[in-house]
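Novice: Going down the list, the sequences are from chains A and B.
Numbering-wise, the first sequence is residues 0 to 253 according to numbering that gives the first Met the number 0.
Numbering-wise, the second sequence is residues 0 to 320 according to numbering that gives the first Met the number 0.
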Amino acid sequence: MSSLLKVKDLEKSYVTKSLSGSRQEHRVLKKISFEVAENQILGVVGESGCGKSTLAKVLTRLEDFSAGEIHFAGKDLNSFSRKEFPHQIQMVFQDPYQSLNPRKKAWEIIADPLFVSEGLSRREGHERALAMMEKVGLRPETSERYPHQFSGGQRQRLGIARALMLRPKLLILDEPVSALDVSIQAQVLNLLLSLQREFQLSMIFISHDLSVVKHISDRTLVLYFGEIVEMGPSQELFTSPRHEYTQRLLDSAP
Amino acid sequence: MLLEVKNLSVLFRTEVGPLEALRSLDFALEEGETLGIVGESGSGKSVTNLALMGLLPANALVKADQVRFAGQNLDLNSQEQLRKLRGSQIGMIFQDPMTALNPSLRIGYQMIETLQRHLPLTKAEAHKKAVGLLERVGIPEAEKRMKSYAFELSGGMSQRVMIAMAISCKPKLLIADEPTTALDVTIQKQILDLLVELQKENKMSMMLVSHDLALVKKYSQRVQVMYAGEIAESGETQNLIQHPHHPYTFGLLKARPSAHEGMAKGDLYAIPGVVPSLRERPQGCQFHPRCFRATELCKTQAPPVKTSSTRFRCHRPLEAP
Numbered sequence: 000m001s002s003l004l005k006v007k008d009l010e011k012s013y014v015t016k017s018l019s020g021s022r023q024e025h026r027v028l029k030k031i032s033f034e035v036a037e038n039q040i041l042g043v044v045g046e047s048g049c050g051k052s053t054l055a056k057v058l059t060r061l062e063d064f065s066a067g068e069i070h071f072a073g074k075d076l077n078s079f080s081r082k083e084f085p086h087q088i089q090m091v092f093q094d095p096y097q098s099l100n101p102r103k104k105a106w107e108i109i110a111d112p113l114f115v116s117e118g119l120s121r122r123e124g125h126e127r128a129l130a131m132m133e134k135v136g137l138r139p140e141t142s143e144r145y146p147h148q149f150s151g152g153q154r155q156r157l158g159i160a161r162a163l164m165l166r167p168k169l170l171i172l173d174e175p176v177s178a179l180d181v182s183i184q185a186q187v188l189n190l191l192l193s194l195q196r197e198f199q200l201s202m203i204f205i206s207h208d209l210s211v212v213k214h215i216s217d218r219t220l221v222l223y224f225g226e227i228v229e230m231g232p233s234q235e236l237f238t239s240p241r242h243e244y245t246q247r248l249l250d251s252a253p
Numbered sequence: 000m001l002l003e004v005k006n007l008s009v010l011f012r013t014e015v016g017p018l019e020a021l022r023s024l025d026f027a028l029e030e031g032e033t034l035g036i037v038g039e040s041g042s043g044k045s046v047t048n049l050a051l052m053g054l055l056p057a058n059a060l061v062k063a064d065q066v067r068f069a070g071q072n073l074d075l076n077s078q079e080q081l082r083k084l085r086g087s088q089i090g091m092i093f094q095d096p097m098t099a100l101n102p103s104l105r106i107g108y109q110m111i112e113t114l115q116r117h118l119p120l121t122k123a124e125a126h127k128k129a130v131g132l133l134e135r136v137g138i139p140e141a142e143k144r145m146k147s148y149a150f151e152l153s154g155g156m157s158q159r160v161m162i163a164m165a166i167s168c169k170p171k172l173l174i175a176d177e178p179t180t181a182l183d184v185t186i187q188k189q190i191l192d193l194l195v196e197l198q199k200e201n202k203m204s205m206m207l208v209s210h211d212l213a214l215v216k217k218y219s220q221r222v223q224v225m226y227a228g229e230i231a232e233s234g235e236t237q238n239l240i241q242h243p244h245h246p247y248t249f250g251l252l253k254a255r256p257s258a259h260e261g262m263a264k265g266d267l268y269a270i271p272g273v274v275p276s277l278r279e280r281p282q283g284c285q286f287h288p289r290c291f292r293a294t295e296l297c298k299t300q301a302p303p304v305k306t307s308s309t310r311f312r313c314h315r316p317l318e319a320p
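Below is the structure:
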């Protein structure tokens, strides 16, 4: 397997200034290196404040990084133009209630990336949106509805459909099932696995829920205060964790 | 028996007509016992608790044949009676400790207020007791923390403060509604272990509400699984986990991947569809549109309650494995 994403010595710091003017630097990601191969799912686990979401923001270029290198498909991440980039990496957010525009219809939300980066007509966009709705298990009859008319699980399907519209190579999912009920979680996880096969996707699956990450990911990376404390094939990492922190996480899981 | 509830129903009067949120619930709780209440959003878990606490909104109509708590009859429509019990005999902790604490008052003020309301203490005595309680729930520098505001504490610390307040009058019953859903796994374990310790110390009964069956099975002696405002199945935790009779319980158990058991890569068992809206309740068994064992009978007739190793509401229960 060739590697799609290569991250080397990635650093991200935020600087805060107090009222008195003193500056303080917070290192949120510390010398992080990892790779994601094509068609691979990498799980990222860790607790609040460990840098999981910052990592997602840096990889989707929502935030700049402070030092290190990120290569995607053999090129520097920052060398992609603003037109090219959305076709490479897309993101699915945790909260399906807050990440969808409440004033747009379902099909408009899904087709939006096409209008923005491919300049398609509304008719073409509508057609492609309907086709995608079917792929993610939403009935095309519901395409004229607004987000509030969908349940939590259906909204997450909308978010996934939108992310797949430009056929990205890598999907970053930040706690995609944490807000969903158990029975709906299983539906969405199954959907993600089948889409991964169909679209030949790589994924970075970020979650605090070890059981979910164990189920879905090929490899897992454990973040602790901005550092990778352990990384390896999921099967191995969950059955015989080497690092004391991974062990503690596993012991705490019900 | 600490709590005995017979035929509890809750209706909400709304513009679109009455909505039945709870349908004839029967359940009981022994002294010192933990009852796990499991169900998805909209299954009626929280409505059950709020009804017991008298905290439902004014458009709710609560009916019950009988509710007995600690040897006395309870009228769930009597605000006066329930107000005396809340905080003193029945304590409650909520999902989101950050919003359950008052953001504009210091922790100490809120704790002293609770203590003085229910116990004949002077302010100095209440202060001393509050510090002791904070220490008991594992808050470092308790005296200093009395002066803190909620936003200065982490999620886990805030939940500890909530617990300290909830147990401050030694309640006989503690209702914990998704107490750790907003917290990280390591903190979750600390909080639940603390609750179990306090429960033993104070001989308290506990109702542990959660959508996570894996969590509930670890911490409760009995479990009741709720679906669409009814109890789908209830029984001793071991019996219910090892041999679920109701297809919904079975589905919940199978749908959750385990962090500990061997890997079975591939599709998870998913219960199709979603919980019905109260406005569009199905005929017959409430679960039949999502059930893989449903027959014509299930579509038309509500199933009776049957008893085997568990109690369940199903026409076609799963056989013993």
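Glycine is no exception: its CB is placed at the ideal position from the N, C-alpha and C atoms.
1) Could you pull the DSSP bridge partners for L28 of chain A from this structure?
2) Look at the alpha carbon of F79 of chain A and the alpha carbon of G131 of chain B, and state the distance between them as a whole number of angstroms.
3) So that I know if they touch, is there some Cβ in chain A lying closer than 8 Å to that of I270 of chain B?
4) Which runs of the beta strand (DSSP E), 3 residues or longer, sit entirely within the region 147–202 of chain A?
5) Taking its Cβ as the centre, do 16 or more other Cβ atoms sit within 10 Å of E260 of chain B, making it buried, or is it exposed?
6) Let me make sure I understand the geometry here. Which of B:C290, B:D183 and B:K143 has the alpha-carbon closest to that of D95 of chain B?
7) Going by C-alpha distance, which of B:F93, B:N6 and B:L251 is nearest D64 of chain B?
8) Using a threshold of 7 Å, is the CB atom of P85 of chain A nearer than that to any non-hydrogen atom of the ligand NAP?
9) Checking the sheet assignment: what are the DSSP bridge partners for K5 of chain B?
10) From the beta carbon of K404 of chain B, is the nearest beta carbon of chain A less than 8 Å away?
11) Considering only their Cβ atoms, is the gap separating D176 of chain B from F93 of chain B smaller than 8 Å?
12) Tell me whether Y108 of chain B sits in a helix, a strand or coil according to DSSP, three-state version.
13) Where L170 of chain A and V91 of chain A are concerned, what is the direct C-alpha to C-alpha distance, given to the nearest angstrom?
14) In the structure shown, what three-state DSSP assignment does Y380 of chain B receive?
15) Measure from the alpha carbon of R166 of chain A to the alpha carbon of each residue in A:V14, A:I203, A:R138 and A:E197, then state which is nearest.
16) When we look at the beta-carbon of H25 of chain A and count the other beta-carbons within 10 Å, is it buried (16 or more) or exposed?
17) Beta carbon of M145 of chain B, beta carbon of G107 of chain B: below 8 Å?
18) How is Y223 of chain A classed by DSSP in three states: helix, strand or coil?
19) Between A:Q89, A:K11 and A:G20, which lies nearest to E68 of chain A when the distance is taken from Cα to Cα?
20) If you drop the 5 nearest sequence neighbours on each side, which residues of the same chain put their C-beta closer than 6 Å to that of V274 of chain B?
21) Using alpha carbons as the reference points, say which of B:K44, B:L49, B:E3 and B:P243 lies closest to E229 of chain B.
22) Ignoring anything shorter than 4 residues, give me the alpha helix (DSSP H) runs that lie fully in the region 98–159 of chain B, in order along the chain.
23) Nearest by alpha-carbon distance to S147 of chain B: which of B:V160, B:P302, B:K298 and B:G137 is it?
24) So which residues on chain B does K51 of chain A lean against when the C-beta distance must stay under 8 Å?
25) Any C-beta of chain A sitting closer than 8 Å to the C-beta of Q158 of chain B?
26) Could you tell me whether the Cβ of A231 of chain B comes closer than 8 Å to any Cβ of chain A?
27) Taking DSSP as the reference, what is the three-state secondary structure of H244 of chain B?
28) Check distances from the C-beta atoms of the region 185–197 of chain B to those of chain A and list, in chain order, the residues that come in under 7 Å.
29) Tell me, please, which residues DSSP counts as bridged to N72 of chain B.
30) Give the interface partners of E124 of chain B over in chain A, defined as CB-CB distance under 9 Å, in chain order.
31) Starting from H70 of chain A, follow the beta strand (DSSP E) in both directions and report where the run begins and ends.
32) Three Cβ pairs or more, each shorter than 8 Å: is that satisfied between the region 99–115 of chain B and the region 53–72 of chain B?
Specialist: In short, the structure shows the following:
1) L28 of chain A has A:K11 as its beta-bridge partners, per DSSP.
2) If you take the alpha carbons of F79 of chain A and G131 of chain B, they lie about 59 Å apart.
3) Yes, I270 of chain B lies at the interface with chain A (some Cβ there is under 8 Å from its Cβ).
4) Fully enclosed beta strand (DSSP E) runs of no fewer than 3 residues occupy 169–173 of the region 147–202 of chain A, in order along the chain.
5) E260 of chain B should be labelled exposed.
6) Of the residues B:C290, B:D183 and B:K143, the one whose Cα lies closest to the Cα of D95 of chain B is B:D183.
7) Residue B:N6 is the option with its Cα nearest to D64 of chain B.
8) Absence of the ligand NAP is noted for the structure shown, with no ligands found whatsoever.
9) According to DSSP, K5 of chain B bridges with B:Q65.
10) In the structure displayed, chain B extends from 0 to 320; residue 404 of chain B sits before or after that span and is not available.
11) A contact, by the Cβ cut-off of 8 Å.
12) In the structure shown, Y108 of chain B sits in a helix (DSSP, three-state: H, G or I).
13) Cα to Cα, the separation comes out at about 7 Å.
14) Any property of residue 380 of chain B remains undetermined from this structure, which presents chain B solely from 0 to 320.
15) Minimum Cα-Cα distance from R166 of chain A among the listed residues A:V14, A:I203, A:R138 and A:E197 corresponds to A:E197.
16) By the neighbour-count rule (16 or more Cβ atoms within 10 Å), H25 of chain A is not buried but exposed.
17) Yes, the pair counts as a contact, with Cβ atoms nearer than the cut-off.
18) Correct three-state label for Y223 of chain A: strand.
19) That would be A:K11, whose Cα lies nearest to the Cα of E68 of chain A.
20) Counting only Cβ-Cβ distances below 6 Å, and skipping sequence neighbours, we find E39 and G41.
21) Ranking the options by Cα distance to E229 of chain B, first place goes to B:K44.
22) Under the rule that a run must span 4 or more residues, the alpha helix (DSSP H) segments found entirely inside the region 98–159 of chain B read 106–117, 122–135 and 141–144.
23) For S147 of chain B, the nearest C-alpha among the options comes from B:V160.
24) Neighbours of K51 of chain A on chain B: none; closest Cβ ~11 Å, over 8 Å.
25) For Q158 of chain B, no CB of chain A lies under 8 Å from its own CB, so it is not counted at the interface with that chain.
26) Taking Cβ atoms only, chain A never reaches closer than 8 Å to A231 of chain B, which makes this a no.
27) It is coil, neither helix nor strand.
28) Flagged, chain order: T185, Q187 and K188.
29) In the DSSP assignment, the residues bridged to N72 of chain B are B:R67.
30) Within 9 Å Cβ-Cβ: nothing; E124 of chain B doesn't reach chain A, min ~37 Å.
31) Start and end: A66 to F71.
32) The region 99–115 of chain B vs the region 53–72 of chain B: no contact.
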